[in-house]
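J.:
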Amino acid sequence: MIQLNLPDYPIKLGGTPDMPTIYDTLRRKYVKLTPEEWVRQHFVHMLVERKGYPGALMANEVALKVGEKQLRADTVLYDSRLRPRMIVEYKAPHVAITQAVFDQIATYNLLLRVDYLVVSNGLSHYCCRMDYENRQYRYLQDIPLYAEL
9 MIQLNLPDYP IKLGGTPDMP TIYDTLRRKY VKLTPEEWVR QHFVHMLVER
59 KGYPGALMAN EVALKVGEKQ LRADTVLYDS RLRPRMIVEY KAPHVAITQA
109 VFDQIATYNL LLRVDYLVVS NGLSHYCCRM DYENRQYRYL QDIPLYAEL
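Quick note on the numbering used here: the sequence shown kicks off at 9 and runs consecutively.
1) Quick test of the definition: if touching needs 3 or more C-beta pairs under 8 Å, does the region 96 to 105 touch the region 35 to 50?
2) Distance, Cα to Cα, THR115 vs VAL103?
3) Please classify ALA67: does DSSP put it in a helix, a strand, or coil?
4) Under DSSP, the beta strand (DSSP E) around ALA108 begins and ends at which residues?
5) Looking at the strands, I want to know which residues DSSP matches up with PRO83.
6) According to the neighbour-count rule (16 or more other Cβ atoms, all chains shown, within 10 Å of its Cβ), is TYR81 buried or exposed?
7) The beta strand (DSSP E) with ARG146 in it runs from where to where?
8) Excluding five sequence neighbours on each side, which residues of the same chain lie with their C-beta closer than 6 Å to the C-beta of LEU118?
9) Starting from MET138, trace the beta strand (DSSP E) in both directions and tell me its first and last residue.
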């Protein structure tokens, strides 16, 4: 897999050469290793180990329903009262972060109404803080520490 702009960590790989898997610490199971999953596992590790995010308050592949449409948010961070605080959307490293990616995460946010939206392809990372009162958002220089949320 490609080297990412994220810290390395002790990766647990499994499966077979035809169907490689990677261990997902949040779901506590091996999942199919795809370029997007490679990004997700590195990013979650960075949030937990470098930014102090509690893994117990994070979930991967969160099911959402918009009308009749079934969607899945890649990662959702909750606060101690289990209210959603952050949505993270991952793309494979070869996928550019475009307006369509932000539109996708904005759709999820119509349901969850979080304070932070994060998008990453493992090479570039974007984080914005929502300002619902003024109907705008502000891009942040870095992903905040959990203690700063």
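Backbone N, C-alpha and C define an ideal beta-carbon position, used for all residues, glycine too.
T.: Once the coordinates are examined:
1) yes
2) Position 107 of the sequence shown, counting from 1, holds the residue named residue 115. Position 95 of the sequence shown, counting from 1, holds the residue named residue 103. For THR115 and VAL103, the distance between alpha carbons rounds to 19 Å.
3) On the sequence shown, position 59 is the one that residue 67 refers to. Note: ALA67 maps to strand in three-state DSSP.
4) Numbered from 1 along the sequence shown, position 100 holds the residue referred to as residue 108. No beta strand (DSSP E) contains ALA108, which is instead part of the alpha helix (DSSP H) from 107 to 120.
5) Here residue 83 refers to the residue found at position 75 when the sequence shown is read from its first residue. The amino acid occupying residue 83 in the given sequence is Thr; Pro does not appear at that position. Paired residues: ASN68, VAL96.
6) Walking along the sequence shown from the start, residue 81 turns up at place 73. Correcting the residue identity first, residue 81 is Ala in this sequence and not Tyr. ALA81 should be labelled buried.
7) Counted from its first residue, the sequence shown places residue 146 at position 138. Segment 144 to 148, the beta strand (DSSP E) holding ARG146.
8) Within the sequence shown, residue 118 is the residue found at index 110, counting from 1. Nothing meets the Cβ criterion.
9) Position 130 of the sequence shown, counted from the start, is the residue given in the question as residue 138. Residues 133 to 139.
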